[in-house]
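To start, the structure itself, in structure tokens.
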Amino acid sequence: MKIASRILFVIACVIAASSVLLAAYVAHMGEGLSPSALKSVQSALQMQQIHVLAMLGVCAIAMLHKTSQVLLLSAVLFLLGLFMFSLNICLIHLGGITVFKALTPYGGMAFIAAWLSLAVWAVKR
Numbered sequence: 018m019k020i021a022s023r024i025l026f027v028i029a030c031v032i033a034a035s036s037v038l039l040a041a042y043v044a045h046m047g048e049g050l051s052p053s054a055l056k057s058v059q060s061a062l063q064m065q066q067i068h069v070l071a072m073l074g075v076c077a078i079a080m081l082h083k084t085s086q087v088l089l090l091s092a093v094l095f096l097l098g099l100f101m102f103s104l105n106i107c108l109i110h111l112g113g114i115t116v117f118k119a120l121t122p123y124g125g126m127a128f129i130a131a132w133l134s135l136a137v138w139a140v141k142r
């Protein structure tokens, strides 16, 4: 489980770096987006940055303490939320890729489940 936490931590670092790159791209090249698309992308990037920090925290806790399956579940749910919600919205508005559009609400649900599983871990600890 510790190796899984380390792998997820590294993935979260890459996602965090990509959020900075995407935010810079949108800030400098986002003039071509409609106001609603720009707002959606900015919101997705904000959600990405918040939830990737949470994922980093969960992974750090898992690496420092006795790893539990609930912590691993929380980290994986954050990762799923990041891909299905934040990345998906950016793909839709920046890349015109809509094939995964139906997954967006499930990404939001994954974020909620990640937070709740983290709360379960805290209560059980």
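Quick note on my numbering: the sequence shown kicks off at 18 and runs consecutively. Glycine included, every Cβ here is placed at the ideal spot set by N, Cα and C. Fair warning: this is a prediction, and the values are worked out from it, not measured in the lab.
For residue i, does the count of other Cβ atoms within 10 angstroms reach 16, so buried, or fall short, so exposed?
i, result
"H45", "exposed"
"V140", "exposed"
"A71", "buried"
"G113", "exposed"
"V27", "exposed"
"A119", "exposed"
"G124", "buried"
"A136", "exposed"
"S51", "exposed"
"V43", "buried"
Check residue i in the structure and name its three-state DSSP category.
i, result
"R23", "helix"
"W113", "In the sequence as presented, Trp is not what sits at residue 113; that position holds Gly. Looking at G113 - three-state DSSP - the assignment turns out to be coil, as it is neither helix nor strand."
"S85", "coil"
"S53", "helix"
Taking C-beta to C-beta, are residue i and residue j nearer than 7 angstroms?
i, j, result
"L90", "S134", "yes"
"W132", "V87", "no"
"V69", "A127", "no"
"L55", "G47", "yes"
Have a look at the options and flag the residue whose alpha-carbon is nearest the alpha-carbon of residue i.
i, options, result
"C76", "T115, L55, I20 and K56", "I20"
"Q59", "A131, W138 and I106", "I106"
"L25", "S57, K56, G49 and L99", "L99"
"A61", "H110, C30, A92 and V31", "H110"
"C30", "G49, L73, E48 and S22", "L73"
"V93", "I129, L55 and E48", "I129"
Inset, instruction - Determine contact between the segment 62-70 and the segment 35-43, defined as no fewer than three beta-carbon pairs at a distance below 8 angstroms. - result: Between the segment 62-70 and the segment 35-43, the count of C-beta pairs closer than 8 angstroms reaches three or more; the two stretches touch.
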